[in-house]
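S.K.: The listed protein sequences derive, respectively, from chains A and B.
So the first sequence is numbered by this note's numbering: it starts at 1 and just counts up by one.
So the second sequence is numbered by this note's numbering: it starts at 370 and just counts up by one.
Using N, Cα and C, we set each Cβ at its ideal position, and we do this for glycine too.
Since the structure is predicted, the reported quantities are computational estimates derived from the model, not experimental observations.
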Amino acid sequence: MGKIVEIEGVNKIYGSNHVVRNLNLSVEEGEFLTLLGSSGCGKTTTLRMIAGFEEPTSGSIMVEGERVEDKEPFERNVNTVFQSYALFPHKTIYDNIAYGLKMKKVPKDEIKSRVLEMMDMVQLNGFEKRYPSQLSGGQKQRVAIARALINRPRVLLLDEPLGALDLKLRKQMQLELKRLQKKLNITFIYVTHDQEEALTMSDRIAVMHDGIIDQLASPAEIYEHPATKFVATFIGETNIYDGCITSITDGVATMTLENGAVTVNAPEDFSLLEYATISVRPEKMKFSTSPVEGFELVAQVKDYIYVGSVLKCVVSLPNGNELKIERLAGQELPPVGSKCYPYWNVDDAVLIHNESHYIFEALNNIKLA
Amino acid sequence: MAGKRSKHEFRANTLPALLTVGPVTLVMVLLIAVPLIYVAVMSFCSIDEFYNVTFDFTLENYVRLANTDYLKIYAQSLIIAFLTTIICILIGYPFSYIIARTKSRKKRILYMLVIIPFWTNSLIRIYGWRTFLGSSGLLNALLIKLKIVSEPIEFLYKQGTTILGMVYCLIPFMILPLYTAIEKLDGSLLEASSDLGAKPVNTFIEVILPLTSGGIFSGSLMVFIPCLGYFFVSDILGGGNSDVIGNLIERQFQSGNNWPLGAALSIILIIVTLILVKIYQKLGGDMDSLGV
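#1: Of all Cβ atoms in chain A, is any one closer than 8 Å to the Cβ of B:Ser587?
#2: Thinking just about the alpha-carbon of each residue, which of B:Ile574, B:Lys516, B:Val570 is nearest to the one in A:Lys91?
#3: According to DSSP, what are the bridge partners of A:Tyr241?
#4: What residues in the segment 398-420 of chain B have a beta carbon less than 7 Å from any beta carbon of chain A?
#5: State the beta-bridge partners of A:Gln215 as determined by DSSP.
#6: Which of the three DSSP states is assigned to B:Met370 in this structure?
#7: What are the residues of the segment 175-189 of chain A that lie near chain B, defined by any Cβ-Cβ distance shorter than 9 Å?
#8: Show which residues of chain B have a CB atom less than 8 Å away from the CB atom of A:Gly100.
#9: I want to see whether chain A comes within less than 8 Å of B:Ser557, judged by CB atoms only; does it?
#10: Who does A:Tyr341 pair with in a DSSP beta bridge?
#11: Write down every uninterrupted run of the alpha helix (DSSP H) in the segment 38-91 of chain A whose length is 4 residues or greater and which is fully enclosed by it, in chain order.
#12: Under 8 Å, CB to CB, which of the residues in the segment 124-147 of chain A have a partner in chain B?
#13: Just to confirm the assignment, what range does the alpha helix (DSSP H) spanning B:Arg499 have?
#14: Using a Cβ-Cβ cut-off of 8 Å, state whether B:Ala561 counts as contacting chain A.
#15: For B:Leu387, which three-state DSSP category applies?
#16: Output needed for A:Ile352: all residues of its chain with C-beta closer than 8 Å, excluding positions within five of it in sequence on either side, in chain order.
#17: Which residue marks the beginning of the alpha helix (DSSP H) containing B:Ile551, and which one marks its end?
#18: Mind checking B:Leu388: buried by the 16 CB within 10 Å criterion, or exposed?
#19: So, with DSSP's three-state summary, where would you put A:Asp269?
#20: Let me see if you follow: with CB-CB separation under 8 Å, is A:Lys12 close to chain B or not?
#21: With 16 as the cutoff for other CB atoms within 10 Å, does B:Leu578 come out buried or exposed?
#22: Is the separation between the beta-carbon of B:Leu634 and that of B:Ile614 shorter than 8 Å?
#23: Does B:Arg507 get closer than 8 Å to chain A when you measure Cβ to Cβ?
#24: Kindly indicate the opening and closing residues of the beta strand (DSSP E) around A:Gln123.
#25: Would you say the segment 152-172 of chain A touches the segment 181-195 of chain A, given that touching needs at least three Cβ pairs under 8 Å?
#26: Note down the Cα distance separating B:Ile640 from B:Val646, rounded to an integer number of angstroms.
#27: Determine the closest residue to B:Phe419 out of B:Leu643, B:Asn626, B:Thr383, with distance taken between C-alpha atoms.
#28: Output the distance between the C-alpha atoms of A:Leu198 and B:Phe542, rounded to the nearest integer angstrom.
#29: Counting Cβ pairs, one atom from each stretch, are 3 or more of them under 8 Å apart for the segment 490-497 of chain B and the segment 549-569 of chain B?
#30: Figure out for me which residue from A:Glu322, A:Val346, A:Leu328, A:Gly211 has the closest Cα to the Cα of A:Pro17.
#31: How many Å lie between A:Ile13 and A:Asn22 at the Cα?
#32: Please identify the residue among B:Ile532, B:Gly391, B:Leu428 whose C-alpha is closest to the C-alpha of B:Leu630.
#33: Within 8 Å of any Cβ in chain A, is that where the Cβ of B:Asn698 sits?
#34: Whose C-beta lies closer than 8 Å to the C-beta of A:Ala144 among residues of the same chain, with five residues either side of it excluded?
#35: Relative to chain E, which residues along the segment 535-556 of chain B have a C-beta separation below 8 Å, given in chain order?
#36: Where does B:Cys414 fall in DSSP's three states?
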């Protein structure tokens with residue numbers, strides 16, 4: 001297992017718009033890597049630079065150890081599945097899938113056997129003579145995937161490929177894509193804005209924000225140990241507390257918030273008097289009817305929402321901030337309107353450097369670039 | 370009961386329809402259908418010794434048109450129209466491609482460059498060419514000044530000059546449908562083609578050309594058909610060997626003073642046009658893009 005795609009110090013600037021900022025990313029061979037972020041974060045631009053549709057303003061892109069940023073898309077051993085599918089409307093499904101092989105001047109017999117094999121793999125047998133306009137969205141998607149995979153690329157780039165499908169089909173295609181990727185052992189670089197999709201499918205996720213990768217880690221790591229406030233809030237639900245670290249003893253910090261002090265584990269790179277943020281997932285939050293040692297938060301129970309397996313509790317702090325707390329259904333609870341004391345196990349909260357800290361670092365990076 | 374109902378129906382459907390579509394239909398019938406029928410009837414008439422049209426049914430006009438002299442001019446006219454169309458495609462396609470695919474503001478300027486001459490009377494523009502190309506015209510004066518030639522070159526009165534004029538007059542009709550077809554082309558298809566390993570020339574042959582062929586078809590039709598009739602271009606720029614069918618018709622109505630023969634020629638031209646449109650339709654052409 002080596003690095004198959006290496007992006008070093010890549011910038012992309014359109015006019016006054018800095019879309020991708022000093023991006024560094026290496027993709028392992030055979031992995032499923034997702035670029036996750038909201039629209040305009042630079043994820044699609046990054047993908048298009050790997051495909052060759054956009055040229056980086058600066059920096060280098062290596063595919064299989066070879067620099068490619070000056071190569072045309074047709075000279076690169078990567079293939080793309082487009083968001084809009086981009087199937088050739090005037091060609092049959094067979095000809096669409098065969099296109100890449102035809103361009104490589106593969107003998108006709110071999111094209112035929114490979115196309116039929118590929119159509120079998122994506123369950124499109126019997127559709128050879130149809131035209132794209134005669135297919136449903138899900139079928140078009142399969143054709144787009146087959147058309148890219150038939151070239152046996154080392155890397156497959158997927159630009160929100162499931163974006164146009166309905167939820168049920170999406171879920172089904174997610175599993176199918178994952179199965180194909182495992183079976184063919186091809187590196188997938190997948191772009192999406194759907195965090196659930198990213199968590200389900202990926203080996204690693206790169207969360208992008210304003211042209212920068214905020215965090216690159218496994219789905220579990222991203223969910224449980226978000227590196228920035230953006231990652232914490234973008235992926236899943238969370239409760240955010242901003243405050244100042246007022247004491248650190250043996251790796252446990254006391255942080256003073258607007259509504260009182262709380263206790264949290266502090267890794268070594270946090271220092272006394274630093275402004276930082278705590279993120280606690282709703283399922284890790286607890287509340288008690290009597291005060292808890294180390295926590296000074298006092299809140300009022302606002303509402304209970306029953307959603308089947310769990311009960312969502314909404315409690316509000318004196319400054320009006322609402323906390324989301326999840327409890328297993330069927331437990332005894334204080335009545336709505338009564339006082340409660342929110343807390344968490346020290347290990348369940350994640351301490352995050354303040355955003356300004358991270359912006360400062362990013363600015364430094366830009367200067368270096 | 371039934372009478373009441375049909376009265377109601379007349380008020381609700383027939384009357385509004387008559388009031389709205391009626392006048393338009395009337396104008397169309399008077400200005401297009403009646404003259405056409407008149408021409409068709411005249412083409413079967415004969416003339417007396419004073420060149421007056423007499424309503425005396427005859428097929429003689431059509432028989433005369435089968436004469437080899439006429440057939441030669443039909444062939445010549447078809448050749449001129451064919452060459453004009455080919456040249457219009459060769460010039461118009463790259464030009465349309467550039468204006469349709471540039472993203473910059475130049476696009477509008479280039480587009481206007483095509484449209485503005487389109488709005489100007491083509492007769493005036495053809496006379497412009499005549500003064501430009503004539504033996505004492507601007508081009509010859511320039512060539513002599515630059516000592517490239519010593520004697521003025523005779524550019525006018527050649528078939529090539531007629532074709533030049535035809536191309537000049539008709540190229541907007543080629544560019545506009547091509548522009549529409551090329552602009553509609555989805556850019557991601559070109560990216561997909563390149564992504565799948567196609568070199569630009571293959572992308573052109575496999576994707577761009579087939580997807581814009583509708584524009585080439587309708588552009589060709591809109592150049593080819595008028596080209597058969599634009600008699601003033603060959604009158605002003607061409608010599609004896611560049612007559613088109615339009616010249617024959619014009620001559621019969623003017624100097625020849627044989628209206629029935631001219632009418633028969635017109636009918637032949639209409640039939641040729643209809644055949645071409647039918648072929649276009651058969652090839653899967655889109656009638657809307659012809660503006661009919």
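M.R.: Let's see:
#1: Locating residue 587 of chain B in the second sequence gives position 218, counting from the first residue. No, B:Ser587 lies away from the interface with chain A (no Cβ there is under 8 Å from its Cβ).
#2: Counting from one through the first sequence, the residue named residue 91 of chain A turns up at place 91. Comparing Cα-Cα distances from A:Lys91 to each of B:Ile574, B:Lys516, B:Val570, the minimum goes to B:Ile574.
#3: Taking the first residue of the first sequence as position 1, residue 241 of chain A is located at position 241. In DSSP, A:Tyr241 forms a bridge with A:Ile278.
#4: none
#5: Position 215 of the first sequence, counting from 1, holds the residue named residue 215 of chain A. DSSP output for A:Gln215 lists A:Val207 as bridge partner(s).
#6: As a working note, residue 370 of chain B is residue 1 in the second sequence. With a pLDDT of 48 at B:Met370, under the threshold of 50, the modelled position of this residue cannot be trusted, and the question is left open.
#7: Listed by position along the chain: nothing, the set is empty.
#8: Mapped onto the first sequence, residue 100 of chain A falls at position 100. Residues of chain B passing the Cβ test: Leu565, Gly566.
#9: Here residue 557 of chain B is taken as the residue at index 188 of the second sequence, counted from 1. Chain A, which has a Cβ nearer than 8 Å to the Cβ of B:Ser557, makes this yes.
#10: Position 341 of the first sequence holds residue 341 of chain A. Paired residue(s): A:Ser288.
#11: 43-51
#12: So the list reads Arg147, given in the order they occur along the chain.
#13: Along the second sequence, read from residue 1 onward, the residue named residue 499 of chain B stands at position 130. 491-502 is the extent of the alpha helix (DSSP H) around B:Arg499.
#14: Reading the second sequence from its first residue, position 192 is the one you call residue 561 of chain B. Output row for B:Ala561: interface = yes.
#15: By one-based count along the second sequence, residue 387 of chain B stands at place 18. Helix.
#16: Numbered from 1 along the first sequence, position 352 holds the residue referred to as residue 352 of chain A. Cβ neighbours of A:Ile352 beyond the five flanking positions: Pro226, Ala227, Thr228, Lys229, Ala232, Ala276, Thr277, Ile278, Ser279.
#17: Taking the second sequence and counting its residues from 1, one reaches residue 551 of chain B at position 182. Its alpha helix (DSSP H) spans residues 528-553.
#18: Your numbering for residue 388 of chain B matches position 19 in the second sequence. Exposed, because fewer than 16 other Cβ atoms sit within 10 Å of the Cβ of B:Leu388.
#19: Position 269 of the first sequence, counted from the first residue, corresponds to residue 269 of chain A. A:Asp269: coil per DSSP, three-state reduction.
#20: What you label residue 12 of chain A is simply residue 12 of the first sequence in a count that begins at 1. Chain B contact via Cβ: absent.
#21: Within the second sequence, numbered from 1, the residue matching residue 578 of chain B stands at position 209. Looking at its Cβ environment, which holds fewer than 16 other Cβ atoms inside 10 Å, B:Leu578 is exposed.
#22: Walking along the second sequence from the start, residue 634 of chain B turns up at place 265. Walking along the second sequence from the start, residue 614 of chain B turns up at place 245. Result yes, Cβ atoms of B:Leu634 and B:Ile614 sit closer than 8 Å.
#23: Working through the second sequence from its first residue, we reach residue 507 of chain B at position 138. Position check: residue 507 of chain B holds Leu in this sequence, whereas Arg was assumed. No - not a single Cβ of chain A is within 8 Å of the one on B:Leu507.
#24: Mapped onto the first sequence, residue 123 of chain A falls at position 123. Looking at the DSSP string, A:Gln123 is not in any beta strand (DSSP E), and its letter there is neither H nor E.
#25: yes
#26: Here residue 640 of chain B refers to the residue found at position 271 of the second sequence. Here residue 646 of chain B refers to the residue found at position 277 of the second sequence. One C-alpha to the other measures close to 10 Å.
#27: If you number the second sequence from 1, residue 419 of chain B lands on position 50. Answer by Cα proximity: B:Asn626.
#28: Within the first sequence, the letter at position 198 stands for residue 198 of chain A. Within the second sequence, the letter at position 173 stands for residue 542 of chain B. In the sequence as displayed, the identity of residue 198 of chain A is Ala instead of Leu. Their backbone Cα atoms lie some 51 Å apart in a straight line.
#29: no
#30: The sequence position of residue 17 of chain A within the first sequence is 17, counting from 1. Strictly speaking, residue 17 of chain A in this sequence is Asn, with Pro absent from that position. For the residues A:Glu322, A:Val346, A:Leu328, A:Gly211, the minimum Cα distance to A:Asn17 belongs to A:Gly211.
#31: Numbered from 1 along the first sequence, position 13 holds the residue referred to as residue 13 of chain A. Numbered from 1 along the first sequence, position 22 holds the residue referred to as residue 22 of chain A. One C-alpha to the other measures close to 11 Å.
#32: Against the second sequence, residue 630 of chain B aligns to sequence position 261. Nearest of B:Ile532, B:Gly391, B:Leu428 to B:Leu630, Cα basis: B:Leu428.
#33: Nothing can be reported for residue 698 of chain B, as the shown portion of chain B is limited to 370 through 661.
#34: Translated into positions along the first sequence, residue 144 of chain A becomes position 144. So the list reads Val81, Phe82, Tyr85, Ala86, Leu87, Pro161, once near-sequence residues are dropped.
#35: Given the protein chain composition of this structure (A and B), no chain E is represented.
#36: Counting from one through the second sequence, the residue named residue 414 of chain B turns up at place 45. Note: B:Cys414 maps to coil in three-state DSSP.
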